[in-house]
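Q: Before I ask anything, let me first share the structure, which is written out below as structure tokens.
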Amino acid sequence: MTFDPTLAAVRFGTGLSPRFTRPVGVESILTDLSGPDEIREAIAIAGFNDAKPSHATVTWMDRAAKAALETPDEAQAMQAREVVRDQVRVVRRQHHLATIGRALDAPLGLRERLVAFWADHFTVVRRPFQTAHLVTSFVEDAIRPHVTGSFAAMLRGVVTHPMMLIYLQQTRSTGPDSPVGQQRNLGLNENLARELLELHLLGVDGQYSQADVRELAELLTGLSYTDRRGFFYDPNRAEPGGETVVGLPFGADATLDNVLEAMDILAILPGTAEHLAWKMAVHFVSDDPDDDLVAAMAEGFGADGDLMGMTAAMLRHPAAWTPQRDKVRTPQQFITAGLRALGVTGNAVMAIDQKLYQQMLTRPLSLMGQPWETPIGPDGWPEDAESWIIPQGMAGRISWAMQLPRRIVTDLPDPREFVDHALGSLAGEDVRFAAAAAENRAEGVGVVLASAAFQRR
């Protein structure tokens, strides 16, 4: 099992494209990945603090509208809130299109795949209206800068980000013995601590107990956010005294530095390395990954939590290049790969109007089972193929393949050539025959995109 340029683009990238040559080897991929993030500069996405409208504005407008109910100011307040809601919808659509635009304009797209993987690992779910346009901003702030760097740095960014604190209600967590806890009879919220141990660090079957969850929850008290102050650490809400998590003692002082130091230590535990290596191998290679591949990736993660090292270990391992393609593209990956195969550019996607956005992305993704930034819970989207190959989802994929390309591309390619654009050497004779036998270009392109070969990576 050796390097295959077509498989590289399909399994580790965002799909084949007639606009880009295929990679020549693993080391060239890694060299490109370790370089500057040029796509981020070319297609900008605002972070949480720079988003317009801001979270503070949206929250204030919502509260003002509710306060004005059954008063003479109700109609005006409702109208003002609706204006802001429209702005939120526009920004959310722009973020979605920019995310796809980056995946289309990246020569390979491995960085975009890594961003999506880690964003799903640290899932935050949008709240209607208040944070509907800020999930992508969270990814831009806390995830993207670290996908080739330190996992500890990524973890720090996540646990101090307003979106994670809001989503898992960490802002409500108060040490029972803290000054505020004593005065107001408030207590812990264990959501963030539980998800950190269960999902983000050690895994569901990791070596931790309920006592560890509670101790970590006590350690995390003090992490907070308000619209006025932004993120801050509140020692008056922090549980006093030291905590012990998975047998490790952490400082007795109620300070942000102690919390961040604990994140640094938990981020590089052997159990963390094993869980992350397994999860990444499952995402990129197989639902049942090779044990030696996982071990090599955990070793690449090393004692410093090196995410670039783990990615490099994966790409350099023979098991990563097995020709058997067990993984199924998620709906978002399927549509992105389809657009790439058609040669669509990032600028073209970002220029589409709201109507085409609804037709090309919003409705199809919902029908296929992956509405944009709306997973059911903090464990993100499913990885197994069976979750995506279901009747309704397949109907949505076939419908998109047969109907949407002609609305997006004015001059569709010859289906016989398109097979190579979309699948290259991965196309079987059945797909090539069906494409050549199609009555028209739209049907031929649709046959290729709807094929089982195109669904798998």
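The sequence shown maps to residues 129 to 585 in our numbering.
All C-beta atoms in this analysis are idealised placements derived from N, C-alpha and C, irrespective of residue type, glycine included.
Just so it is clear, the structure is predicted and the values come from calculations on it, not from any experiment.
1) So, is Gly-163 buried or exposed, given that buried needs 16 or more other C-beta atoms within 10 angstroms?
2) With distances taken Cα to Cα, identify the nearest neighbour of Val-263 among Arg-213, Val-576, Met-292, Leu-540.
3) What residue ranges within the region 488–521 form continuous alpha helix (DSSP H) runs of no fewer than 4 residues, ordered along the chain?
4) Rounding to the nearest angstrom, what Cα-Cα distance links Phe-148 and Ala-395 in this structure?
5) When DSSP labels each residue in this structure, what does Asp-434 get in the three-state scheme?
6) Run through the region 280–359 for me and flag every whole beta strand (DSSP E) of 3 or more residues, listed as ranges in chain order.
7) Could you work out which residue in Thr-464, Ile-228, Trp-246 is closest to Ile-271 when comparing CA atoms only?
8) Could you spell out the range, first to last residue, of the beta strand (DSSP E) harbouring Leu-376?
9) Alpha carbon to alpha carbon, how far is Pro-469 from Ala-479?
10) Give every residue of the same chain whose Cβ lies closer than 8 Å to the Cβ of Gln-482, excluding the five residues on either side of it in the sequence, and list them in chain order.
11) Do the region 386–404 and the region 281–299 meet, that is, are 3 or more Cβ pairs less than 8 Å apart?
12) To the nearest angstrom, report how far apart Gly-96 and Pro-235 are at their CA atoms.
13) Considering only C-alpha positions, which residue in the set Glu-567, Gly-350, Ile-504, Tyr-361 is nearest to Val-253?
14) Fully enclosed by the region 137–208, which alpha helix (DSSP H) runs are 4 residues long or longer?
15) Closer than 8 Å is the cut-off here; do at least three beta carbon pairs connect the region 299–316 with the region 404–417?
16) Inspect the beta-carbon positions of Arg-230 and Arg-168 and report whether they are closer than 9 Å.
17) Can you give me the C-alpha to C-alpha distance between Ile-173 and Arg-525, rounded to a whole angstrom?
18) My output table needs one value for Glu-367: the three-state DSSP class, helix, strand or coil.
19) Give me whichever residues DSSP pairs with Tyr-361 in a beta bridge.
20) Give a yes or no on contact between the region 373–386 and the region 343–363, applying the rule of three or more CB pairs nearer than 8 Å.
21) Among His-261, Met-189, Ala-196, which one has its Cα closest to the Cα of His-223?
22) Could you check the C-alpha separation between Ala-426 and His-403 for me, to the nearest Å?
23) Closest by CA to Met-129, which one among Arg-491, Thr-450, Met-438?
24) Any contact between the region 435–453 and the region 140–158? By contact I mean 3 or more CB pairs, one from each, below 8 Å.
25) Within the continuous alpha helix (DSSP H) that includes Ala-465, where are the two ends?
A: The short version:
1) As a first step, residue 163 is located in the sequence shown; it is residue number 35 there, counting from the start. Exposed, by the Cβ-count rule.
2) Counted from its first residue, the sequence shown places residue 263 at position 135. The shortest C-alpha separation from Val-263 is found at Met-292.
3) Runs found: 491–496.
4) Translated into positions along the sequence shown, residue 148 becomes position 20. Translated into positions along the sequence shown, residue 395 becomes position 267. Distance between the alpha carbons of Phe-148 and Ala-395: 37 Å.
5) The residue given as residue 434 occupies position 306 in the sequence shown. Asp-434: strand per DSSP, three-state reduction.
6) 351–354
7) The residue you call residue 271 lines up with position 143 of the sequence shown. Closest option to Ile-271, Cα to Cα, is Trp-246.
8) Position 248 of the sequence shown, counting from 1, holds the residue named residue 376. Leu-376 -> beta strand (DSSP E) spans 376–378.
9) In the sequence shown, counting from the first residue as 1, residue 469 sits at position 341. In the sequence shown, counting from the first residue as 1, residue 479 sits at position 351. For clarity, residue 469 is Ala in the given sequence; the question names Pro instead. Rounded to whole angstroms, Ala-469 to Ala-479 spans 19 Å at the Cα level.
10) Sequence index remark: in the sequence shown, residue 482 carries index 354 (1-based). So the qualifying residues of the chain are Arg-221.
11) yes
12) Any question about residue 96 goes unanswered here, given that the chain covers just 129 to 585.
13) To locate residue 253, count along the sequence shown from 1; it is residue 125. Checking every option, the nearest Cα to that of Val-253 belongs to Ile-504.
14) Entirely contained in the region 137–208, the alpha helix (DSSP H) runs reaching 4 residues are, in chain order, 154–161, 166–170, 183–195.
15) Between the region 299–316 and the region 404–417, the count of Cβ pairs shorter than 8 Å is below three; the stretches do not touch.
16) Here residue 230 refers to the residue found at position 102 when the sequence shown is read from its first residue. Here residue 168 refers to the residue found at position 40 when the sequence shown is read from its first residue. Going by C-beta atoms, Arg-230 is nearer than 9 Å to Arg-168.
17) Counting from 1 along the sequence shown, the entry for residue 173 is found at position 45. Counting from 1 along the sequence shown, the entry for residue 525 is found at position 397. Taking the straight line joining both Cα atoms gives about 28 Å.
18) Here the question's residue 367 lines up with position 239 in the sequence shown. Of the three classes helix, strand and coil, the one that applies to Glu-367 here is coil, per DSSP.
19) Working through the sequence shown from its first residue, we reach residue 361 at position 233. In the DSSP output, where bridge partners are listed per residue, Tyr-361 has Leu-351.
20) Yes: the two stretches touch, three or more of their Cβ pairs being nearer than 8 Å.
21) Here the question's residue 223 lines up with position 95 in the sequence shown. It is His-261 whose Cα lies nearest to the Cα of His-223.
22) Locating residue 426 in the sequence shown gives position 298, counting from the first residue. Locating residue 403 in the sequence shown gives position 275, counting from the first residue. Each residue's alpha carbon lies about 8 Å from the other.
23) Residue numbering aside, residue 129 sits at position 1 when the sequence shown is read from its first letter. With distances taken between Cα atoms, Met-129 lies closest to Thr-450.
24) yes
25) Counted from its first residue, the sequence shown places residue 465 at position 337. Segment 459–469, the alpha helix (DSSP H) holding Ala-465.
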